[in-house]
Amino acid sequence: MNNLLIVMKNSEWQGEIGDELRKFIAEPVLGLPQPEAQFEVTQVPPESFGTMFKASRSILNIGIGNKNSFTTSTNVYAEPQKIITITGTNKEALIREIQKNGKALISEFKNADLLTFQRSINKNYWDPAKMPTFSKHGYSIKIPKTFSIVEDNGDFIWYRMRLDGGNSMELFSYTVPIKSIDDENGNNLVAIRDTIGKKYIPGEVDGSYMITEEAYTPHIFEVKLDGKKALEAKGKWEVKGVYMAGPFLSYSIIDKAKNRLVVVEGLTYAPSMNKRDYMFELEAIMKTIKIN
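For the sequence shown, counting from 1, position 110 maps to 337 in the numbering used here; every step adds exactly one.
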């Protein structure tokens, strides 16, 4: 996942066209403690695009052509596979096409990777019907069996995947009643999050617990999840009283029918390691959420 093969002339890759493209594909992923690019990139010229490279999952073709265009195709040489082709009638036109479609190409490749990972989740996940919190509150998330339960008390669910070196990926979910407009617009997001952290997520030292990093305001966006308005938050967590920190991603779904927020959050603890792919996996898991 997050690997991108770019097929374009070496001279174009090394020149202004490549510079424009890198503004998008090399842009740091939002919400991570250290800068990490959107993709791990391999560039090959068209004459080197042979059988081995054609098996790549994400392929971007760029070059001068007889028209200005942005096209997508799937499963041309392998499955799963997403191919995007961007052409321009000259250098200036091609740069304009990249500028116009840069964000779209990122979304196309990311969504394709997301769906691929979700298909792997579908092969082996814990049965949500047997999870007390999901059963009691009428929603579900497909949590892979690579995760193990930490807590599920009927109101708060916590699963963990252990990584090498004492590191981990953590997944939490809970619901809270909507009491004011600030619960719906994100103004209370940090306060809600910190209250839950104090109640359910203790640190290793007595009296310590997880909070939102005080020096870093989360980025909050309005998105759609399971057909409902939701707030996506990307930020950093820390443990109050202990030197532990890392990135988090959360979704707060506004469930008007039951006047509540359905919250799911993923975070990574992996000091001195790249975290982009871990956070991407957590995003894919969280986006399997279904509200009954």
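Beta carbons are placed, not taken as given, at the ideal position from N, Cα and C, and that holds for glycine.
Since this is a predicted model, take the numbers as computed values, not measurements.
Membership of residue 270 in any alpha helix (DSSP H) is not indicated; the residue belongs instead to the beta strand (DSSP E) covering 267 to 271. Distances from the CA of residue 410 to each of 301, 514 and 489 were compared; the closest alpha carbon is that of 489.
In terms of Cβ geometry, residue 464 and residue 473 form a close pair [threshold 8 Å].
For the pair residue 518 and residue 493, the CB atoms are not nearer than the 8 Å cut-off. Shortest Cα-Cα distance from residue 237 to any of 270, 305, 249 and 307 involves 270. Taking 8 Å as the cut-off, the beta carbon of residue 268 is found no closer than this to the beta carbon of residue 313.
Contact annotation: residue 307 and residue 339 have beta-carbon atoms nearer than 8 Å. In the three-state DSSP reduction, residue 240 falls in the helix class (H, G or I). Counting only runs that start and end inside the stretch 431 to 479, the beta strand (DSSP E) elements of at least 3 residues fall at 436 to 439, 446 to 452 and 455 to 467.
Within 10 angstroms of the beta-carbon of residue 376 lie fewer than 16 other beta-carbons, which makes it exposed. Residue 329: member of the alpha helix (DSSP H) spanning 318 to 348, first to last residue. Annotation for residue 424: the continuous alpha helix (DSSP H) segment containing it runs 416 to 427.
Just so you know, the alpha carbons of residue 385 and residue 497 end up roughly 18 Å apart. Residue environment for residue 448: exposed (fewer than 16 other C-beta atoms within 10 angstroms of its C-beta).
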